[in-house]
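Visitor: Residue numbers (our numbering), protein chains in the order written: chain A, 14 to 301; chain B, 14 to 301. Before we start, here is the structure in question, set down as structure tokens.
Protein chains: 2
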Amino acid sequence: MFKETFQRYLTMIEETLAQLPWRKNSLDESMYYSLIGGGKRIRPVLALASAEAVGGKPESILRAAAALELIHTYSLIHDDLPAMDNDDYRRGRLANHKIYGEAGAILAGDALLTYAFELLASLELGQPERELRIIREVAVASGKDGMVRGQVADITAEGKVLTLPEIEEIHKGKTGAILTVSARLGGVLGGGSEDDIQALTDYAQALGLAFQIKDDILDVIGDSETLGKPAGSDLRQGKSTYVSLLGLEGASEELHSQILKAQAAIKPFGQKGNFLNELALYIEERKH
Amino acid sequence: MFKETFQRYLTMIEETLAQLPWRKNSLDESMYYSLIGGGKRIRPVLALASAEAVGGKPESILRAAAALELIHTYSLIHDDLPAMDNDDYRRGRLANHKIYGEAGAILAGDALLTYAFELLASLELGQPERELRIIREVAVASGKDGMVRGQVADITAEGKVLTLPEIEEIHKGKTGAILTVSARLGGVLGGGSEDDIQALTDYAQALGLAFQIKDDILDVIGDSETLGKPAGSDLRQGKSTYVSLLGLEGASEELHSQILKAQAAIKPFGQKGNFLNELALYIEERKH
Chain A
14 MFKETFQRYL TMIEETLAQL PWRKNSLDES MYYSLIGGGK RIRPVLALAS
64 AEAVGGKPES ILRAAAALEL IHTYSLIHDD LPAMDNDDYR RGRLANHKIY
114 GEAGAILAGD ALLTYAFELL ASLELGQPER ELRIIREVAV ASGKDGMVRG
164 QVADITAEGK VLTLPEIEEI HKGKTGAILT VSARLGGVLG GGSEDDIQAL
214 TDYAQALGLA FQIKDDILDV IGDSETLGKP AGSDLRQGKS TYVSLLGLEG
264 ASEELHSQIL KAQAAIKPFG QKGNFLNELA LYIEERKH
Chain B
14 MFKETFQRYL TMIEETLAQL PWRKNSLDES MYYSLIGGGK RIRPVLALAS
64 AEAVGGKPES ILRAAAALEL IHTYSLIHDD LPAMDNDDYR RGRLANHKIY
114 GEAGAILAGD ALLTYAFELL ASLELGQPER ELRIIREVAV ASGKDGMVRG
164 QVADITAEGK VLTLPEIEEI HKGKTGAILT VSARLGGVLG GGSEDDIQAL
214 TDYAQALGLA FQIKDDILDV IGDSETLGKP AGSDLRQGKS TYVSLLGLEG
264 ASEELHSQIL KAQAAIKPFG QKGNFLNELA LYIEERKH
């Protein structure tokens with residue numbers, strides 16, 4: 014049942030992304046290249062599942078869910094730039110700047126971020142106040158006090174040994190803020206109550222932390238082919254991770270405790286929370 | 014009267030920009046550095062004046078006007094990057110990347126763009142439909158079919174001899190789209206009718222073209238100190254400009270004809286259009 018639902022969400026998301034009114038020019042091509050390059054689509058899946066958990070229709074928030082993937086993709090393109098992480102590969106394919114050049118990659122990222130807000134402002138769900146609230150929340154989560162700040166903190170931390178609270182602070186910004194707002198977006202636009210939205214927030218915060226811990230574990234125990242990127246790169250770069258600080262066993266325990274926390278948060282949804290419940294298990298067990 | 018009104022708008026804008034809730038960290042500092050570095054503030058001034066022309070209160074749309082300047086500033090920071098135009102100076106000061114590094118400048122630009130949408134989604138004017146419309150319009154004007162596309166076209170055109178329609182197409186994207194949406198923002202949020210908004214659109218399109226022609230003229234006849242950037246750089250780079258295609262006299266004539274067009278568009282506003290009328294003259298006569 015979980016797999017079928019996941020596939021149903023994925024199909025809706027891939028179709029929505031592919032069917033946006035792309036133009037035939039180099040800029041759109043560059044945006045499309047990075048957007049359609051695979052990826053787990055965790056953010057839009059989380060949004061659709063959250064909408065369904067509060068009794069909403071995932072079909073009606075597809076453009077909003079797609080906007081989250083656009084923002085995620087823009088952040089990956091800019092992160093991979095020579096001036097930033099200088100990565101040549103992403104999701105097992107050449108990074109955007111390796112194909113379209115640095116200027117092309119900077120502009121593709123800028124355009125994806127801007128297009129995300131165009132989509133969010135074009136939902137026409139007949140709930141303008143909720144739509145404005147979501148634009149505000151997505152901007153806050155993506156911007157100077159959210160994702161961009163996380164990226165700055167990550168760059169600043171390079172080569173330093175970090176404490177656990179410092180690592181958590183970076184991840185809260187880099188990935189946590191957007192994951193959390195993805196769940197809230199589903200809750201708000203799906204018509205959830207404030208209690209529903211709070212439950213989804215607690216769930217997503219724990220899930221985001223679990224996601225990152227699992228990433229750190231996979232960097233140590235995964236193989237490069239399954240990961241689609243070189244394994245062991247954190248270690249080689251001397252990066253502080255959950256594993257370097259807690260050890261493999263300690264990190265696995267912390268991962269499990271976050272999964273339990275996530276599952277506890279969505280108890281109130283009962284059966285409607287089934288997918289989110291299994292999504293947490295999927296995060297714990299994923300291989301890439 | 015024109016000067017006093019201009020000064021009144023400028024003071025409101027500078028205060029709004031300076032008093033945003035900036036934090037004490039390197040990211041906010043980098044954003045602030047480029048934002049408060051002078052500049053003509055044409056976009057927010059145009060927004061405030063347009064609001065007043067349709068009978069609205071400029072004070073009530075200050076955050077929206079500020080968002081336009083944030084977007085303009087982000088575009089300048091990214092344009093100046095080594096991978097793009099590789100400019101070391103901007104507005105007579107060091108470019109952002111010369112102080113905060115390339116990664117810092119990319120992220121400051123990303124954060125300014127995102128913050129602009131946060132501000133636009135936080136207006137709370139009690140007209141959520143109009144607020145959503147403006148977010149949509151600003152995103153379209155700034156993004157892949159507006160400003161970013163203009164920048165791509167500009168880069169693609171480097172070293173080529175362009176025709177007049179090709180130059181106009183680039184400028185429509187690079188500067189025209191944002192100038193036009195600035196006037197429309199003032200018209201929409203100021204409570205203007207659709208006729209008002211159309212008049213402001215026609216005005217701003219002519220003004221944007223005039224602005225660019227004047228830029229090209231100043232590059233030839235201005236001196237570097239007044240301009241705050243090296244004069245004659247278009248010529249040295251072999252760039253096609255209005256002057257290279259029409260000659261100085263031809264460009265001046267075209268400039269004047271656009272000014273007349275702008276002034277004609279706002280006739281219906283009568284006295285309330287006085288400032289916009291004189292703003293057009295100011296654009297024609299500006300020295301930098």
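Where is the CB? At the ideal position from N, CA and C, for every residue including glycine. It should be emphasised that the depicted structure is a prediction, and the values quoted were computed from it without experimental measurement.
1) Can the beta-carbon of Ala275/A be found closer than 8 Å to that of Ala293/A?
2) For the 8 Å Cβ check, are there 3 or more pairs between the stretch 144 to 160 of chain B and the stretch 227 to 236 of chain B?
3) Spell out whether any CB of chain B is found under 8 Å from the CB atom of Pro141/A.
4) Within 10 Å of its beta-carbon, does Asn290/A have 16 or more other beta-carbons around it, so buried, or fewer, so exposed?
5) Any Cβ of chain B within less than 8 Å of the Cβ of Leu33/A?
6) Could you have a look at Leu138/B and say whether DSSP puts it in helix, strand or coil?
7) On the premise that Leu89/A lies in contact with Arg103/A, defined as a C-beta separation below 8 Å, what is that separation, rounded to the nearest angstrom?
8) Restricting to Cα atoms, I'd like to know which of Ala134/A, Gly139/A and Gly163/A is closest to Arg149/A.
9) Could you give the DSSP three-state label for Leu94/B: helix, strand or coil?
10) Scan the stretch 158 to 191 of chain B for residues whose Cβ lies nearer than 7 Å to a Cβ of chain A and list them as they occur along the chain.
11) Mark Phe93/B as exposed unless 16 or more other C-beta atoms lie within 10 angstroms of its C-beta, in which case mark it buried.
12) Under 8 Å between the Cβ atoms of Ile119/B and Ala212/B?
13) Quick check: the stretch 185 to 201 of chain A against the stretch 216 to 224 of chain A, are there 3 or more CB pairs under 8 Å?
14) Assuming Glu115/A contacts Ala96/B under a Cβ cut-off of 8 Å, what Cβ separation, rounded to an integer in Å, is found between them?
15) List the residues that DSSP assigns as beta-bridge partners of Tyr102/B.
16) Along chain B, which residues have their Cβ under 9 Å away from the Cβ of Ala78/A?
17) Which of the three DSSP states is assigned to Gln32/A in this structure?
18) Can you tell me whether Phe130/A is buried or exposed? The criterion is at least 16 other CB atoms within 10 Å of its CB, across all chains shown.
19) Whether or not the stretch 191 to 199 of chain B and the stretch 48 to 61 of chain B are in contact is what I'm after, with contact meaning three or more pairs of Cβ atoms, one per stretch, closer than 8 Å; do they touch?
20) If we call anything under 8 Å between Cβ atoms a contact, is Leu23/A one with Ala79/A?
21) Please report the Cβ distance between Gly245/A and Val67/A, rounded to the nearest whole angstrom; I am assuming they are in contact, meaning their Cβ atoms lie under 8 Å.
22) Quick one: give me the first and last residue of the alpha helix (DSSP H) that Leu220/A is part of.
23) With Gly260/B as the anchor, note down where its alpha helix (DSSP H) starts and where it stops.
24) Would Thr193/A pass as an interface residue toward chain B - the criterion being a Cβ-Cβ separation below 8 Å?
25) Since Glu297/B and Lys227/B are thought to touch, with beta carbons under 8 Å apart, how far apart are those beta carbons, to the nearest angstrom?
26) What number of angstroms, rounded off, separates the C-alpha of Ile49/B from the C-alpha of Arg36/B?
27) I need the DSSP call for Met14/B, collapsed to helix, strand or coil.
28) What residues from chain A crowd round Arg54/B, counting only those whose CB sits closer than 8 Å?
29) State buried or exposed for Arg21/A, treating a residue as buried only when at least 16 other CB atoms are found within 10 Å of its CB.
30) Could you work out which residue in Asp209/A, Gly122/A and Leu107/A is closest to His91/B when comparing CA atoms only?
31) Which whole-angstrom value describes the C-beta separation of Ala190/A and Ala154/A, a residue pair presumed to lie in contact below a C-beta threshold of 8 Å?
32) Just curious, the alpha helix (DSSP H) that Glu171/B is in, first and last residue?
33) So, is Asp229/A buried or exposed, given that buried needs 16 or more other C-beta atoms within 10 angstroms?
34) Looking at C-alpha atoms only, which residue of Ile272/A, Ser39/A and Tyr87/A is the closest neighbour of Arg299/A?
35) In chain B, which residues lie with their C-beta within 7 Å of the C-beta of Ala116/A?
36) What are the residues of the stretch 143 to 158 of chain A that lie near chain E, defined by any Cβ-Cβ distance shorter than 7 Å?
Guide: A quick look at the data gives this:
1) If you check the CB distance, Ala275/A and Ala293/A come in under 8 Å.
2) Not touching, per the Cβ criterion.
3) It does: the Cβ of Pro141/A has a partner Cβ on chain B nearer than 8 Å.
4) Asn290/A comes out buried.
5) No, no contact with chain B.
6) DSSP places Leu138/B outside both helix and strand once states are collapsed to three, so it counts as coil.
7) Cβ atoms of Arg103/A and Leu89/A come within 8 Å of each other, at about 6 Å.
8) When only C-alpha atoms are compared, the closest one is Ala134/A.
9) The answer is coil: DSSP assigns Leu94/B none of H, G, I, E or B.
10) Result list: Val161, Arg162, Gln164, Val165 and Ile168.
11) Correcting the residue identity first, residue 93/B is Asp in this sequence and not Phe. A residue is called buried when at least 16 other Cβ atoms come within 10 angstroms of its Cβ; Asp93/B meets this threshold and is buried.
12) Contact flag unset, no.
13) Contact holds between the stretch 185 to 201 of chain A and the stretch 216 to 224 of chain A, because three or more Cβ pairs, one in each stretch, are under 8 Å apart.
14) So it is a contact: roughly 4 Å between Cβ atoms.
15) Tyr102/B is bridged to Leu107/B.
16) Residues of chain B passing the Cβ test: none, with the nearest at roughly 17 Å.
17) Three-state result, Gln32/A: coil.
18) Classification for Phe130/A: buried.
19) Short answer: they touch.
20) No, Cβ-Cβ distance for Leu23/A and Ala79/A is not below 8 Å.
21) Not a contact, Cβ separation roughly 41 Å.
22) The continuous alpha helix (DSSP H) containing Leu220/A extends over residues Glu207 to Ile234.
23) Where Gly260/B is concerned, the enclosing alpha helix (DSSP H) starts and stops at Tyr255 to Ala278.
24) In terms of beta-carbon proximity, Thr193/A stays away from the interface with chain B, with every pair separated by 8 Å or more.
25) Glu297/B to Lys227/B, Cβ: 7 Å. Contact.
26) Rounded to whole angstroms, Ile49/B to Arg36/B spans 15 Å at the Cα level.
27) Shown here, Met14/B sits in coil according to DSSP, grouped into three states, outside any helix or strand.
28) Arg54/B does not reach chain A, its nearest Cβ partner there being about 21 Å away, counting only Cβ pairs nearer than 8 Å.
29) Its Cβ having fewer than 16 others within 10 Å, Arg21/A is exposed.
30) That would be Gly122/A, whose Cα lies nearest to the Cα of His91/B.
31) The pair is a contact, with the Cβ atoms about 4 Å apart (cut-off 8 Å).
32) Judged by DSSP secondary structure, Glu171/B falls outside any alpha helix (DSSP H); it is assigned neither H nor E.
33) Answer is buried; the Cβ neighbour count reaches 16.
34) Considering only alpha carbons, the answer is Ile272/A.
35) The answer, in chain order, is Ala96, Met97 and Ile168.
36) Among the protein chains in the structure shown, which are A and B, there is no chain E.
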